[in-house]
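Worksheet for the structure shown next.
In this note's numbering, the protein residues as written are 435 to 1235.
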């Protein structure tokens, strides 16, 4: 039995070529109906299940039935067996060609996925209706639809939004891969035998059964690989099929010994996890994958290039369908431990090679940086930032992130293993059910209704309280309202937060109807004996609920403008301002220009920068006082994944001079067009914010003109990028002990370049792929909707437009 993958795949070039072939197959895949078959298997199984079966055992029985019955195949270009295609639909709005900001209503309809079914032989209307009717009657869908109905007025106008969080976490499969499912099942059985709590015993039984589903999946793939081996006429490809088949005979029952086995094991775990939550468990992330696979590479004594070939095949696996629909799946590399020791290894660099050569839209590459990061890491990153159409990694500042997480209560030994879920939300791999996108708050909309008797200026709908309702027995005149706007605003905000957090909990409780015993095995469930989705007992070491906060710069600029206005204007002029906001400054252009001349965040002006810092502190503290369904704090996440467009569309004119329905600022960034004094001033403004308050995350984007970097070589540009961008923002030289900014993503290009690309994609992107960043993920720029393409172009460096 020959399982020496290096003999078969050599220097890795062959594996990389197959990975490219796999990706090309995905680009040609227009129909993703596997999720429907998963639900159909669920439906057919339900009539066989005994009454009174626990939700955990129900989920485990469903998962095993899917592993046994779901049609499987292995791509002719596969290096490893496995696929995510049966877990995702063609749904994700921001990369959907039909997406329009003005029509987007969020992901409120759990049955909306059925509109994404592709035409396929045998997919009759009767068959679709049968599955849809089954799904509509599930407790999950029933409870979720009620949760959305109850908060519909607020969510329809984006005062806030809530959602059930199916993904957005980081499983830890390391022990399972190291020990094998047989050993882990034996451990679970010992715990079952010793456990006296009936509910925990039942949850552990479900986890045991879910591992059997993993084994079934592997056995079925092994059969397919054997058939392909026996039918393969080409000797080299026959040896490759043989390697796959023989690996699947032992993996996952036995622990992995080689890099090839570890990668195959990992892919099977990932597929099983996604199938357990089909359809659309967005934004699962892999964590520090270089740390996971480095011991296996080192045991194999594999050279960097050879390892990169296998890793590229792993990256190809993450691309689903023609537009890479499985969005925001994040991989990290490098970083430090709690003592400051650098943890970059040879697999870190091999992974960089795989990302650079593959240039696939998914998954996301992120890098953990710190004051002791090797110069080599910065220099080699230059090829990403300064190669047109190449992905650019997200960048995280460990020297700030680790102490911030420990301040939140994370154990020091856990903090060094933080990773990011989805775009940029910091969680502890295998231990933290952060529910990171559970709620979304629109600070600018709260200001709008506070200045308009609690009503929307877009629709006139009553969404909050009038000033007289916020402070008993008071009905301030216009000038008094502007003078005391912060007092009234924060009272309005408290009411909004109460409603938002209650609605978010309703979504979480609805999702708890769908237990996840397999995922729980990788999230501390074996130790706790509790499913990680249990809404009455905590199954993970850490738990919380996230809140993505929108509109920081608009609110800071507006507060500053209102204070300046009230200081110098009469009561009548203050009433005129309020009326102008209702009418989107119609007939009041001079007033609008006056407001726009007030100080704006992002220009290193203390008056408004201090305002922004105070808003972050006050809003974060208020949010963290609210607890979720398990009594854990909500976590403030100052980011806005393209939702700065959506929330801006539903927000009326604001006192900073911004017009109705125009975008809000992205994350903690200044509003588009308002940071006019250069990138250095912008970085100085950003550094004044209290990042220690942003323990749920934050987002910052720089659109950089490549002309800023005249160095000739890519490595020299990478070194310059450290000193010209990262050092001023992250303070990587280590001066001081304050929490510095800890997240950044960049697009290094010009508006002219992107407009040429859109006008002639065949010339400038002949492969059909040109990678750009949208919020914390990168995608094929050519796949984006026009609205999102234009947003990326507008937020590039002003001198490049």
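Just so you know, even glycine gets a beta-carbon here, dropped at the ideal spot from N, CA and C.
In the DSSP assignment, residue 470 falls within the alpha helix (DSSP H) that extends over 468-480. Within the region 1020-1088, complete alpha helix (DSSP H) segments of at least 4 residues are found at 1023-1030, 1040-1058, 1077-1083, given in chain order. Taking C-beta atoms under 8 Å as the contact rule, residue 957 and residue 864 qualify, at a distance of about 6 Å.
Here the alpha carbons of residue 608 and residue 616 stand approximately 15 Å from one another.
Judged by pairs of C-beta atoms under 8 Å, the region 911-924 does not touch the region 841-856, as fewer than three such pairs exist. By a beta-carbon distance limit of 8 Å, residue 893 does not contact residue 1016. Their separation comes to about 12 Å. In the three-state DSSP reduction, residue 1102 falls in the coil class, being neither helix nor strand.
Taken in chain order, the unbroken stretches of beta strand (DSSP E) that lie wholly in the region 571-637 and span 3 residues or more are 594-596.
Burial check for residue 627: the Cβ neighbour count within 10 Å stays below 16, so the residue is exposed. For residue 765, the enclosing beta strand (DSSP E) begins and ends at 764-768.
Apart from the 5 residues on each side of it in sequence, residue 459 sits with its Cβ closer than 7 Å to the Cβ of 509, 511 in its chain, given in chain order. Assignment of residue 979 by DSSP, reduced to helix, strand and coil, places it in the strand class.
Nearest neighbour of residue 879 by Cα position, chosen from 789, 984, 939, turns out to be 984. The beta carbon of residue 1230 sits closer than 6 Å to the beta carbons of 1137, 1185 from its chain, once the five residues preceding and following it are set aside; these are given in chain order. Per the C-alpha coordinates, the member of 1078, 787, 828, 808 positioned closest to residue 762 is 828. Between the alpha carbons of residue 521 and residue 1114 lies a distance of about 44 Å. Here the region 1031-1049 makes contact with the region 989-997; the two share three or more CB pairs at distances below 8 Å. Of the residues 1078, 565, 921, the one whose Cα lies closest to the Cα of residue 988 is 1078. Within the same chain, 947, 949 come within 7 Å of residue 489 by CB-CB distance, once the 5 residues on both sides are set aside. Judged by pairs of C-beta atoms under 8 Å, the region 661-676 does not touch the region 585-605, as fewer than three such pairs exist.
Closest by C-alpha distance to residue 1070, out of 1131, 1099, 1024, is 1131. In this structure, the straight-line span from the alpha carbon of residue 572 to that of residue 962 is close to 27 Å.
Taking the CA atoms as reference points, residue 986 sits about 12 Å from residue 1052.
Residue 776 has 770 as its beta-bridge partners, per DSSP. In the three-state DSSP reduction, residue 782 falls in the helix class (H, G or I).
Distance from residue 795 to residue 768 at the Cβ level is roughly 22 Å; contact not present, criterion being Cβ atoms closer than 8 Å.
Between residue 1179 and residue 1158 a beta carbon distance of about 16 Å is seen, past the 8 Å cut, so the two are scored as non-contacting. Spatial neighbours of residue 918 in its own chain (CB-CB distance under 8 Å, excluding positions within 5 residues in sequence) are listed in chain order as 910. Under DSSP, residue 874 takes part in a beta bridge, and its partners are 595, 982. Setting aside the 5 residues that flank it on each side, residue 688 is surrounded in the same chain by 614, 616, each with a C-beta closer than 8 Å to its C-beta; the list follows chain order. Ranked by Cα distance from residue 942, the options 477, 567, 575, 482 are led by 575. Taking the Cβ atoms as the reference, residue 723 lies roughly 7 Å from residue 785, within the contact range of under 8 Å. By DSSP's assignment, residue 866 forms a beta bridge with 976. Fewer than three Cβ pairs drawn from the region 813-825 and the region 772-782 lie within less than 8 Å of each other, which leaves the two stretches out of contact. Within the DSSP bridge table, the entry for residue 1208 names 1211 as partners. In the DSSP annotation of this structure, the continuous segment of the beta strand (DSSP E) that includes residue 830 starts and ends at 828-831.
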